[in-house]
Amino acid sequence: MKKENVYGSLGILPKEEMIEAKQNFQKLTIGLPKETSFQENRISLSPDSVSLLTHNGHKIIIENNAGEGANFSDKEYSDAGAEIVFSKEEVYESDVIVKIEPPTKQELKLLKKGQQLISAIQLQTRDKDYFNELIKKDITSVAIEHIMDKEGKLPILRSMGEIAGNTSILIASEYLSNVN
Numbered sequence: 000m001k002k003e004n005v006y007g008s009l010g011i012l013p014k015e016e017m018i019e020a021k022q023n024f025q026k027l028t029i030g031l032p033k034e035t036s037f038q039e040n041r042i043s044l045s046p047d048s049v050s051l052l053t054h055n056g057h058k059i060i061i062e063n064n065a066g067e068g069a070n071f072s073d074k075e076y077s078d079a080g081a082e083i084v085f086s087k088e089e090v091y092e093s094d095v096i097v098k099i100e101p102p103t104k105q106e107l108k109l110l111k112k113g114q115q116l117i118s119a120i121q122l123q124t125r126d127k128d129y130f131n132e133l134i135k136k137d138i139t140s141v142a143i144e145h146i147m148d149k150e151g152k153l154p155i156l157r158s159m160g161e162i163a164g165n166t167s168i169l170i171a172s173e174y175l176s177n178v179n
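In numbering that gives the first Met the number 0, the protein residues as written are 0 to 179.
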């Protein structure tokens, strides 16, 4: 058996030891409520996104039929690892709430102290009482329409605008066609 030399020209040298660094990783419970705004069919996470999050140890709670308007079934979400619940109250027990539209006044009442909210906020359409409610409950809120990339652009807003623009062209062509 060969002995390692720990002596250098100046005396004893410290020997490096490989140890596993602990990662401070908190598993989150993420809630996806069904959107209630008129003609809002989008959902904030697809089943593929849910699968990625659940495989990384997070728990996803989704309201029954929340993905229906976007053509995602409860079965797809369940297969991706999400837990399907039948009441908004159960969804709002989560650590993080992820939505497309800003929470309504009724949904604000369901938020618990210290939760995180990721959704559109639409600052210009909200009143002082709305923000006072968020402050009172110590809600950390991320307005998705104001998220900037490294170049200072708003990628989410740009993508949504592009989708809306393309959709409006399709709708207009439908109305202008002779066979509608």
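Backbone N, C-alpha and C define an ideal beta-carbon position, used for all residues, glycine too.
Here the structure is a predicted model, which means the values were calculated and not measured.
Proximal residues to I143 (C-beta, below 6 Å), its chain only, five neighbours per side dropped
A119 and I155
Going by the CB atoms, is the gap between E62 and V84 shorter than 8 Å?
yes
Taking its Cβ as the centre, do 16 or more other Cβ atoms sit within 10 Å of V178, making it buried, or is it exposed?
exposed
Quick check: what's the CA-CA separation for L109 versus S36?
17 Å
Using only the alpha-carbon positions, how far apart do E161 and K152 sit?
14 Å
Strictly by DSSP, which residues pair up with Q115?
V95 and T139
Please state if the CB of K87 and the CB of P32 are separated by a distance shorter than 8 Å.
yes
Report the rounded CA-to-CA distance for K98 versus S172, giving the unit in angstroms.
31 Å
Using C-beta distances below 7 Å, list every residue in its chain close to S140, excluding the 5 sequence neighbours before and after it, in chain order.
L116, I120 and L133
State the Cα-Cα distance for the pair L175 and N70, rounded to the nearest angstrom.
27 Å
Between the beta-carbon of R28 and the beta-carbon of S93, is there less than 8 Å?
The sequence given here places Thr at residue 28; Arg does not occur at that position. Cβ atoms of T28 and S93: closer than 8 Å.
Extent of the continuous alpha helix (DSSP H) run through L51
P46 to H54
G80 vs I59 beta-carbon contact at 8 Å:
yes
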